[in-house]
Amino acid sequence: MEPIPVPYQIQAPLVRGEIGVPTVRRKAGRPKKNRIKSREESTRDLRCSTCLAMGHNRRSCTSQPREPRE
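Using the working numbering, the first residue of the sequence shown is number 1431, and each one after it goes up by one.
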């Protein structure tokens, strides 16, 4: 067993040399950034797979479902 030192007798260890910058770790997964698209890059128009109309998709379609293929 060792005696517990008195608080005013405790000294911080001496460090020789420079203290470096901490290493930065990358987070796992895809970075959450949106890239800026160029003017030449056009957006795809939505086409509904149910009624084949442009401007909406199957989920937001209000028309009746078409007949299934055979």
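The beta-carbon is built from N, C-alpha and C at its ideal position, and this holds for glycine as well. Computed from a predicted structure; not experimentally measured.
Quiz item: If you measure from the beta carbon of R1446 to each beta carbon in chain D, is any gap under 8 Å?
Solution: This model lacks chain D altogether, as it is built from one protein chain only.
Self-check item: Cutoff 7 Å; reference C1491; Cβ partners in own chain excluding five residues on either side
Solution: Hits under 7 Å: C1478, T1480 and C1481.
Quiz prompt | Spatial neighbours of M1484 in its chain, beta-carbon cut-off 6 Å, leaving aside the 5 residues before and after | solution = So the qualifying residues of the chain are D1475 and R1477.
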